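Residue numbers (my numbering): 371 to 455.
Ideal Cβ placement from N, Cα and C applies to all residues, glycine included.
In this text the structure is predicted, and so the values were computed from the model without any measurement.
Before any comments, here is the structure.
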């Protein structure tokens, strides 16, 4: 079992209101779908420069972040964790 899994199990057992940052990597099971979100977000961020069309690009990034947050919420709920307040 790797460190991310161990940290997550400790957080769950201790009923902590936080997800250890190391649990947000691919090694914790975010896999290809999580990597796809991160890659898409990185591309949008790199392309977000002042100039023509930047507002549409910012809107695309905001929509992606909403979809990513929804996906993360489902993942967090699946593992019985919760976001820190």
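For the pair residue 431 and residue 442, the CB atoms are not nearer than the 8 Å cut-off.
Rounded to the nearest angstrom, the Cβ distance from residue 434 to residue 427 is 11 Å, too far for a contact under 8 Å. Non-local beta-carbon contacts of residue 438 in its own chain, meaning distances under 6 Å to residues more than five positions away in sequence, involve 407 in chain order. Following the DSSP letters along the chain, one finds residue 436 inside the alpha helix (DSSP H) bounded by residues 424 to 448. Here residue 414 carries a helix assignment [DSSP, helix/strand/coil].
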